[in-house]
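Take the sequence shown: its letter number 117 is residue 200 in the working numbering, and every next letter is one higher.
Ideal Cβ placement from N, Cα and C applies to all residues, glycine included.
Structure first, commentary second.
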Amino acid sequence: MKQEQLKALQPEQFDRFVHILEQGQLNHAFFFSGYFGSYEMAQFIAKSLFCTDKVGVLPCEKCRNCKLIEQEEFPDVTIIRPINQFIKTERIRELVGQFAQSGIENPRQVFIIEQADKMHVNAANSLLKVIEEPQSEIYIFFLTSDEEMMLPTIRSRTQIFQFKKQEALISLQLEKLGLVKKQAKLLAQYSQSQSEAEKLASQASFWTLVEESERLLSWLLTKKKESYLQVAKLASLADDKEKQDQVLRILEVLCGQEILQARVREILENLLESRKMWQANVSFQNSLEYLILKEI
Ligand SMILES: [Zn+2]
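In structure tokens form, the structure reads like this:
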């Protein structure tokens, strides 16, 4: 992401960090809550720390270091993400061990941990302990979707910044990418991160699911018997768990847009039941059919 985009997405946080960098008062442990620009901000700060051709504190985005950081291939900026929903404590211990052994060749290190709530508290503590070693210059960014997801022991030892979703702005950006207003609004409401919004914007299969979900909802509202056919169609399109989750979320967003209608509120309530059934391993088709049983 370009600096201008990041600045547009999170203007206040951008200015705050530029100021912090200018004052040379960067803390060693940060906690970023919300995924709208938080990863990009951590990356921006890392670039500022390693760029060889800075203008003031602003990284050039062109030098070798900046490019390697952008591509996630710079050796002193380590990005940790969960694998199968879990960050292994072993992996963190390994990283900490490596650091202690390296004889501190390059004492400046940055760790960016995405979905940090998927990490065991022991792992987080061993990372935080490294910061306290006098010769180290380590910066850690813990990222989560929500402040509440993070363990209090970690929250209390980090500086917290919020990266909330700015729906109107994301919607505008999506329009610039070529979406019509209605699509842009829906995707802005749907997305849980900036990168998800950008990825889905151009994904034809996603928009097919949106279209077919809209049809199901309108048929449910008009109590059409054909709703059964539409559920079957959606079930054949959404042939894996990820797409099935997408359909449920799309339907939730669509209902949310019409929440003032009593009938829609009813459907939304039933939809939450459908999701529970699906999560309890009832087939996707049967879970959606629950909506029709309740409505028609
Ligand atoms: Zn640079």
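Of the candidates Ser116, Phe182, Glu173, the residue whose Cα lies closest to the Cα of Asp200 is Ser116.
No Cβ-Cβ contact shorter than 8 Å links Phe157 with Met124. A distance criterion of 7 Å places the beta-carbon of Cys143 in contact range of ligand 1, judged by its closest non-hydrogen atom. Just so you know, the alpha carbons of Lys324 and Leu317 end up roughly 13 Å apart. The beta carbon of Ile333 lies closer than 7 Å to those of Tyr273, Leu292, Val293, Ser296 in the same chain, with the five residues before and after it left out.
Asn205 is classed as exposed because its beta carbon has fewer than 16 other beta carbons within 10 Å across all chains shown. About 12 Å separates the beta carbons of Leu270 and Leu255, which is beyond the 8 Å limit, so they are not a contact pair. For Thr227, no alpha helix (DSSP H) run applies; the uninterrupted beta strand (DSSP E) run containing it begins and ends at 220-227, by DSSP. Leu210 and Val179 have their alpha carbons spaced roughly 7 Å apart. Under the three-state reduction of DSSP output, Gln313 falls in the helix class. Phe113 and Phe246 have their C-alpha atoms spaced approximately 12 Å apart. Leu371 sits away from Val336, with the two beta carbons spaced by 8 Å or more. Excluding sequence positions up to five before and after Ser276, its CB lies within less than 6 Å of the CB of Tyr118, all in the same chain and listed in chain order. Between Met232 and Phe225, the gap from beta carbon to beta carbon reaches 8 Å or more.
Counting along the chain, the unbroken alpha helix (DSSP H) around Ser209 starts and ends at 204-214. Listed in chain order, the alpha helix (DSSP H) elements of length 4 or more contained wholly in the segment 255-322 are 264-273, 277-284, 287-304, 310-320. In the displayed model, Phe119 falls within coil according to three-state DSSP, outside both helix and strand. When distances are taken from the beta-carbon of Lys212 to the heavy atoms of ligand 1, even the shortest one reaches 7 Å or more. Assigned with DSSP and collapsed to three states, Phe182 falls in helix. Cβ-Cβ distances below 8 Å link Ser131 to Leu104, Lys137, Val140, Leu141, Pro142 in the same chain, with the five nearest sequence neighbours on each side left out; the list follows chain order.
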